[in-house]
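Enquirer:
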Amino acid sequence: MRSPPEPPERRLPVLVVLHQEHSTPGRVGRLLIERGYALDVRKPRYGDPLPKTLADHAGAVIFGGPMSANDGDDFIRTEIEWIGVPLKERKPFLGLCLGAQMLTRHLGGRVEAHPEGRAEIGYYALHPTPAGERFAAETGAFWPSHVYQWHREGLDCPAGAELLAQGDDFPVQAIRVGPAAFGFQFHPEVTHAMVYRWTTRGAERLEMPGAQPPAMHHRGRFMHDAAVAAWLHAFLDHWLAAGSGKPPRSVRPLCTP
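Position 223 of the sequence shown, counting from 1, maps to 218 under my numbering, and the rest follow consecutively.
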């Protein structure tokens, strides 16, 4: 008679911070669930509290939104300040677009509009730095050539962070802080349905200088999304392991003056 299967390893949930009533964590959320992690979804904008510690969470992801990290709303200030929790506890933290800009603001960096008023809305080239190439070789998370963007403000690389990837109009695209905190200006979480929804509901933003028309969004997805998905699978495995207590790899603070 066959022995019963071993019970699955108990995994702590991942904290997911969203900023709109109908926002979803997209592909990032699905891949975390597939790896056995429940999602603890919170929306501070609508009154949800953030935990005082991540002892009961495997990590945290702050997603994007139409607001600015420079806004004076209470929930914006609360989230920026709260990022100190995962940094202090060295727990996996991931900031996507607005979340990356909040990470930058927490570290004393700047979030600003493009000097010529340009936006990145669509698929744009991504250029790994030498540190980013090393990161890819160490983790197997090989950077895609193009990534999906939806923003009109960009971040700088704050002191103490490591610059992993750059762009053309907005130079800072990916940063790492310590062994387990990352900020990406781009949106690896987008699904096919999300691209349709964003280009429909946010159609007025497609008129901004630098933004791409809807057809280029859909064509870009068919051209580039397979590489983005492969990178995201490998990145999430590394990111989750970064909080497992294993010795961290050395981090070169390339953004420190």
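Using N, Cα and C, we set each Cβ at its ideal position, and we do this for glycine too.
All of these numbers come straight from a predicted model, not from anything done at the bench.
Per the contact definition of three or more C-beta pairs closer than 8 angstroms, is the region 112 to 123 in contact with the region 71 to 88?
Expert: Below 8 angstroms, too few C-beta pairs join the region 71 to 88 and the region 112 to 123 to call them touching: fewer than three.
Enquirer: Hey, quick one: how far does the beta strand (DSSP E) through E148 stretch, first residue to last?
Expert: 148 to 150
Enquirer: How big is the Cα-Cα spacing for F217 and L49?
Expert: 37 angstroms
Enquirer: Measuring alpha carbon to alpha carbon, tell me which of K38, P208, Q144 ends up nearest F70.
Expert: K38
Enquirer: Note the first and the last residue of the continuous beta strand (DSSP E) segment covering D35.
Expert: D35 -> beta strand (DSSP E) spans 34 to 37.
Enquirer: Per DSSP, what kind of secondary structure is W138 in: helix, strand or coil?
Expert: coil
Enquirer: In the DSSP assignment, the beta strand (DSSP E) including R200 goes from what residue to what residue?
Expert: Neither: R200 is in no beta strand (DSSP E) and is coded neither H nor E.
Enquirer: Could you round the C-beta distance between L121 and W138 to whole angstroms and report it? I think they count as a contact, below 8 angstroms.
Expert: The C-beta distance from L121 to W138 rounds to 6 angstroms, short enough to fall under 8 angstroms.
Enquirer: In three-state DSSP terms, what is G238?
Expert: coil
Enquirer: Just grab the DSSP bridge partners of H122 for me.
Expert: Q161
Enquirer: If distances are taken between C-alpha atoms only, which option among V23, H219, R113 comes closest to L10?
Expert: V23
Enquirer: Between which residues of its own chain and R100 is the CB-CB distance below 7 angstroms, once the five residues before and five after are set aside?
Expert: The beta carbon of R100 is closer than 7 angstroms to those of A64, I75, V106 in its chain, skipping five residues each way along the sequence.
Enquirer: Buried or exposed: where does P87 fall if 16 or more other Cβ atoms within 10 Å of its Cβ makes it buried?
Expert: buried
Enquirer: Fully enclosed by the region 167 to 233, which alpha helix (DSSP H) runs are 4 residues long or longer?
Expert: 187 to 196
Enquirer: What does DSSP give as the partner residue(s) for L26 in the beta ladder?
Expert: DSSP output for L26 lists no bridge partner at all.
Enquirer: Less than 9 angstroms between the C-beta atoms of P209 and A198, yes or no?
Expert: yes
Enquirer: Check the DSSP bridge columns for Q144 and list the partner residues they point to.
Expert: DSSP lists G117 as partners of Q144.
Enquirer: So for A50, helix, strand or coil by DSSP?
Expert: Residue state, collapsed to three classes: coil.
Enquirer: Within the chosen definition, does the region 84 to 98 reach the region 128 to 137 through at least 3 CB pairs nearer than 8 angstroms?
Expert: no
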